[in-house]
Every structure is written in structure tokens, then in C-alpha cells.
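Accompanying notes for the structure given below.
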Amino acid sequence: MSGTRRQFLKTAALTTVGAALSNSGLRCNATQQQPNILWITSEDNSPMFGCYGDQFATTPIFDALARESIVYDHAYATTPVCAPARNCLITGVYPASMGTEHMRSRYPIPDFIKPYPLYLRQAGYYCTNNSKTDYNFLGDDTSYWDECSSTAHYKNRAPDQPFFAIFNLTVSHESSLHTSIPTENLRHDPAGVTLPPYHPDTADIRHDWAQYYDKIDDLDGQVGKILQELQENGLDQETIVFYYADHGGILPRSKRYLYDSGLHVPLIIRFPKKYHRLAPGKAGTRSDRIVTFVDFPKTLLSLAGIQPPDYMQGHAFLGKFKEKPRRYAQAFRSRMDERYDFSRSIRDKRYRYSRNFNPHRIYGQHLTYLWLMPATRSWEAEYQSGRCNDIQSAFWRNKPAEELYDSLDDPWEVNNLAADPNYGDVLLRMRSDLRAWMLQKRDAGFLPEGTFEELSKSGTVYEYVHSSQYHLERIMRTAEMATDFQIDHLPELQQRLTDEDPAVRYWAATGCLVLGESASAAIDQLRLLTDDADGDVAAVAAEALVRLGEVQEGLSTLISLLDHVNGKVRLRAMNALYDLGATAESAIERINHKKQDPDEFVRRMSGYFVH
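This note's numbering numbers the first residue of the sequence shown as -9 and each following residue consecutively.
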């Protein structure tokens, strides 16, 4: 770690941060006028309901609920995968702004950032969670609730005490497609499925789509039981009900990916007559307001009459502290389980723009969990057999630096308009606005994850990236030059290979990796970086050397990094070795020793090399 980072962490350790709590309205006392609030959530499902226009879906409960509610047409997850999405939902802070963006990570966050149940409980609410947590930061996920278990229930509250309750439904989770239901037992006919244009027409893909619709049918019934219980308890006229999914899904190129298929979620909110003054419209109407998960905690507190703390980064869209609408839904993609990636995206009511900072990695990087689904394996086999058209093949190829879609006319987002001069103004606007958002929110993703581990030993990533020690503008500019495929940037990238900031060196080396053979002038500098004190820098420099023909030197470094003290450096080296394919065959013996590695994802990737 650099000296400036050590100095920052020592200073941060002496600083006590607590002002947010004193300004958050926690002294509000519960009264009978405060509404009960019920959240029903589901996993991994896009708005595949009749009330969202899906004619193939069988969702009578959702459709009836929609007729009594406000249906949001522009609700989006902040990331297309569960743990970072739930991190955002529980804190009201963008995970990319806090160092909690990577899937399955447990980094600490500052003490002043409080999960929203603590604000509700101090205002008198009885708060229950049944039962998934998965909050993606260090701590006891169950400690924020009055009850958190598979039996947690609002019925256990004190008389006249308002409640906030979540019921997390898992029937539509990705794992529901890991085992195929016999075709004759499906309720939805695979032949009736309308496939997205990026999926080849195979029996397995059709079957998985049909089975997924069956799971949505099952979900519909489970939601109905929760609503019925609320009514039987005489609470339906005292309770505001939210239903939403934790992100989109679930077939390949939805969950984990920055498209509407992975980010667009159903959101249905029912207001009883008693609290209809809080609704944005009449029951049975629709809202085109853009809302995202970062808005939910502020909105929840606002509905309860609690002033949200200043550190929350969303826009309250309901309640006493309602704010003006946002223009964009911002989203991020970072490490997904064992595979590294880095993209950012914004969506307005028509267009989606995405910036890919790992364009040298294909969309369809092998991922253990995703490959348990027959549809994924079928799609890969079709591509490898040469039976996919260009749209279907794009998933298995390197990414462009920029993507722009007219999501209204192209709802599956397959026609990239980034190079179309007719959309030049849209591209420039959204590129500039995404960049401004990353700077404003102090996007931590420009630091390699090995740095997260180092910072977390004596502080938090949040505190570092929100300090003057984080030179985000310079780092981001290096990352942009590194990933736009412009050979003219090579001289500047070469200069930055010796920058004092390891994050700048990391991105400069990444630029050489992205340029491939065109970066041969940087070979000598890359050789020096294989001994860099920062393991992530050494790993990317070594991979670049291999691709520049310096195979033995590059592989030697990557193999040695498999024993690095930092688990995320080991994981980055493992990612590089796998993506080098047969070139890395000499590393297999050493890789086999990593099956007992302390890092779960290093262990998982060691199994990739069997074949």
C-alpha cells in the first residue's frame, strides 16, 4: 500500500463520524397515524406479468394487485445481482460509492451508515425480516431487526405498534432452473415462448424459459397468500404494500448484465384509503417516474415520517420528504462471484448508455453458477458449433468500449447505436452525464479489489474514496484512455506506467493489455511492473506480457501471484490464467494446489482448469 494511503488510514482511525444520526429524525415517536409498511420481494425476475404486458405469463394475483395499486414502469435495480443490490437497499448508498459493489464481499462500512431498520425501530416501528439478508458488508446481518428468521412476523409486535415487515420469496431464484422439470409436467408450453433475439432456438433454451414462467406462476400464488393473510388479520386497510424483485433475470444475459433484462424490475405499490394521500395517483394507474433501489430507503423513511439522513444518495419518491424525480437510473457491474468485470450504465426513459472498462473480457465469461443452467450450456454449444448469428454470437465476444441502445424501439437492447452518427448527441450527453455521476459519487470501482482488502484492514473503502487521497479524476482518465482502443494513447499510457499511484499504473497496464500487439513498445516497462509492490498491477502487466509474446516471463509472474498474501490478487491472477487458455497450460500443476485456497472464489476457479 502506498504511503499516502497508510497516512490516510491512520488519520481516519482517529476520526469519529456520527453527525448523520443526530440529523436523521430518530427521535420521532411512533403513533397510530404511522402506516404499517409491508415489503414483498422476490428474486431474479423481470416484470414478466400480465399487468406489465406479458401475454404468456399467468399472474392473476399480480394483475389484481396492479388494479388496486400504482404500477411503476421505470423501476430499476442498481446492479443486476443480489448481494450488492441488497446492500444498496439496506443502506441507501450506491455500493460503487462505498466499496461494496463486488458480489459476495464483506468489507466494512463506516459506522455512521446505518441500515434503515435501525431508523425505523428507533422511531417505534417493529421491524421483521423473513428471512434473506445477504447485505454484502461486514457485520451481523440479523442484528438490525427485531426479528430475522424464517418465522419472523409482524404479528409478534406490541398492540398498536406500527410494523415494517419484509417477506423474501425465493421460488423464482436462478437455482430454480438448475434442475429441469420434465417437459410433460410444465404448465407453460415451450413452443409458445417468444425468445429474445440473442438466444438461439434450442430445446433446452425453450424449456428453461417455459420453466421460468412456471416459477413466476408459483410466485404469483405465494404473493397471494401473504396478501390474504394481511387481510385476514384485518390489516390490509392499515398497511402500505410494496412488491418488487431484487433485480431482473433469470436466463443468460439478464441477471448479472447491464441491460433492461437484468435491471428492469416490477414495482407495484398499494395504498389503503387511509393513506391514499401519500400515493402519487389513483389506484389502478401507472407511474413513469424513474426510481431505483438507492431511492427505496429514503422513500421508506419518508413514508414513515422520518427525515432521511443526509448521507443517503437516493431520491425519496413518496411521503413527507418526497424529492424531485431523477433523470437517470444509474447501475454498475463489478466482480460477479469469481469473475472480474467492470461496467457502468445509465438509463433514461428511452435510452441506455453503458461504458465497459474491461472490453478485453467477453460478456459470457465462464461462471460456475450460471453454467448450472441448461440454457447457458446450450447457448455456448450453439456458438461453438457455429450456429449463432451475429446478435447471438455477441455474448461470446469481447465487448465494445461503449454501448448505446434505444430501449423503447429495441427492448432487448441488441442494436448498439454508439457508432451511429444519428445518435451522436445522445451519446455525448449520456457519456458526459455518466462520467459526472461517477465523479460525484466517488466511484470506488476504479481501484482493483486487492486494494479494497488492504484498505479494509484499518479503515473503510468509503472513507478513502471520499477523501482527497483518492485521485479519481486522474485514475478515471487513465482508465478511459486504457479502454477506448486508441493506439494514439499509448505514449501517455507508457508515462503513467511509472505513476506514483498504483491505481494509475494498474489502468495504464490494462491499456497495454487491451491494445495487445499494438503495445509492443511498452514491453520493457511492463517487465518492470511484474515486480510491482501492488499485486494487481503485477498481474495485469504479466498478462499483457503473455499476450505480447513474452510468455514465460508473464506466466512465471502469474503463477507466483497464486501464492500472494492478498486473496483478491490471487483471484485476479487466476482469472488471467484462465483467459489465456492453452497458453497457460504450464500453470495447471500449480493451479491444482489452489483447491484448498482460503479464498472461496480462487478455490472455485481452480476447478475450471480440469478441462
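Positions of the beta carbon are idealized from the N, C-alpha and C atoms, including for glycine.
Contact belief for residue i with residue j at Cβ below 8 Å, rounded distance in angstroms
i, j, result
"VAL404", "ARG432", "About 33 Å; that fails the 8 Å criterion."
"VAL530", "ALA499", "5 Å"
"ASP28", "THR229", "The displayed chain sequence assigns Leu, not Asp, to residue 28. With 8 Å as the limit, LEU28 and THR229 qualify as a contact, their Cβ atoms being about 5 Å apart."
"ARG316", "ILE280", "5 Å"
"GLY354", "PHE332", "With a Cβ gap of about 16 Å, GLY354 and PHE332 do not count as contacting."
"ARG580", "ILE549", "5 Å"
"ASP210", "THR49", "5 Å"
"TRP402", "PRO186", "5 Å"
"TYR496", "ASP526", "6 Å"
"SER277", "ASP136", "Rounded, the Cβ-Cβ distance is 31 Å, inconsistent with contact."
"MET428", "MET466", "7 Å"
Burial state of residue i, where buried means 16 or more other Cβ atoms lie within 10 Å
i, result
"LYS264", "exposed"
"ASN582", "exposed"
"ASN35", "buried"
"GLU590", "exposed"
"GLY676", "Shown here, the chain extends from -9 to 601; a query on residue 676 therefore has no answer."
"SER446", "buried"
"ARG351", "buried"
"LEU167", "buried"
"LEU398", "exposed"
"GLN586", "exposed"
"ARG17", "Confidence in ARG17 is poor, its pLDDT being 37 and thus under 50, which makes the residue's placement unreliable; the coordinate value appears in the next sentence. So ARG17 ends up on the exposed side."
"ARG560", "buried"
"LYS92", "Rather than Lys, the amino acid found at residue 92 in this sequence is His. When all chains shown are included, HIS92 counts as buried."
"VAL213", "buried"
"ALA408", "buried"
"ASP236", "buried"
"ASN379", "exposed"
"THR90", "buried"
"ILE477", "exposed"
"GLN303", "buried"
"ARG340", "exposed"
"GLY255", "Correcting the residue identity first, residue 255 is Val in this sequence and not Gly. By the neighbour-count rule (16 or more Cβ atoms within 10 Å), VAL255 is buried."
"VAL600", "exposed"
"SER14", "In this predicted model, SER14 has a pLDDT of only 43, less than 50, meaning its place in the structure is not dependable enough to derive any value."
"ALA142", "buried"
"THR231", "Looking at the sequence itself, residue 231 is Val, so the reference to Thr does not match. VAL231 should be labelled buried."
"HIS266", "exposed"
"GLN22", "Low per-residue confidence applies at GLN22: pLDDT is 49, beneath 50, and the placement is therefore not dependable, though the value from the model is reported in the following sentence. Result: exposed."
"VAL555", "exposed"
"LEU128", "exposed"
When the options are compared against residue i, the one with the closest alpha-carbon
i, options, result
"ALA509", "ALA155, LEU424, PHE475", "PHE475"
"LEU538", "ARG421, ALA512, SER397, LEU159", "ALA512"
"ARG329", "VAL504, ASN348, TYR125", "ASN348"
"SER140", "LYS122, PHE127, PRO149, ASN146", "LYS122"
"CYS78", "LYS339, GLU543, VAL284", "VAL284"
"PRO149", "SER324, GLN218, LEU225, LYS584", "LEU225"
"HIS479", "SER576, ASP491, ASN146, VAL504", "VAL504"
"GLN112", "PRO100, TYR134, SER95", "TYR134"
"LEU159", "TYR233, ILE60, HIS254", "TYR233"
"LEU483", "CYS502, TYR125, ASP136, ALA572", "CYS502"
"PHE39", "TYR202, HIS163, ILE80, TYR106", "TYR202"
"ILE80", "PHE52, TYR97, GLN45, ASP124", "ASP124"
"SER162", "LEU241, GLN515, GLU33, ILE60", "GLU33"
"SER335", "PHE157, TYR66, LEU248, GLY435", "LEU248"
"ALA577", "LYS558, THR547, PRO588", "THR547"
"THR573", "GLY376, ALA426, GLN542, GLN227", "GLN542"
"SER244", "LEU360, GLN227, THR282, ASP191", "LEU360"
"PRO100", "TYR452, ALA472, THR173", "TYR452"
"MET564", "ASP250, SER457, ARG593", "ARG593"
"LEU552", "ALA534, MET595, ASP514, TYR106", "MET595"
"GLY295", "THR68, TYR598, ASN26", "ASN26"
"PRO298", "ARG562, LEU108, ILE30", "LEU108"
"ALA200", "GLU490, CYS138, GLU174", "GLU174"
Are the region 311 to 331 and the region 84 to 102 touching, with three or more C-beta to C-beta distances below 8 Å? yes
Taking the runs of the beta strand (DSSP E) that are 3 residues or longer, which of them lie wholly in the region 101 to 131? 116 to 120
Is there contact between the region 113 to 125 and the region 364 to 373, where contact requires at least three CB pairs shorter than 8 Å? no
Quick one: complete alpha helix (DSSP H) runs, 4+ long, within the region 394 to 457? 414 to 430, 439 to 445, 451 to 455
Along the chain, which unbroken stretches of the alpha helix (DSSP H) at least 4 residues long are found entirely within the region 321 to 380? 364 to 374
Pair every Cβ in the region 67 to 78 with every Cβ in the region 266 to 280, then say whether three or more of these pairs are closer than 8 Å. no
Would you check if there are 3 or more beta carbon pairs closer than 8 Å linking the region 378 to 398 to the region 330 to 346? Under the three-pair Cβ rule at 8 Å, the region 378 to 398 counts as touching the region 330 to 346.
Within the region 227 to 277, ranges of the beta strand (DSSP E) (whole runs, at least 3 residues): 229 to 235, 257 to 260
At least three beta-carbon pairs within less than 8 Å, the region 206 to 222 to the region 190 to 197: Two segments are said to touch when three or more pairs of C-beta atoms, one from each, lie closer than 8 Å; by this definition the region 206 to 222 does not touch the region 190 to 197.
Counting only runs that start and end within the region 503 to 554, where is the alpha helix (DSSP H) found for 4 or more residues in a row? Scanning the region 503 to 554 for uninterrupted alpha helix (DSSP H) segments of 4 residues or longer gives 513 to 519, 525 to 537, 541 to 551, listed from N- to C-terminal end.
Restricting to runs no shorter than 4 residues, where is the alpha helix (DSSP H) found entirely within the region 457 to 505? 462 to 472, 480 to 486, 492 to 505
Segments assigned beta strand (DSSP E), at least 3 residues, entirely inside the region 22 to 103: 26 to 32, 60 to 66
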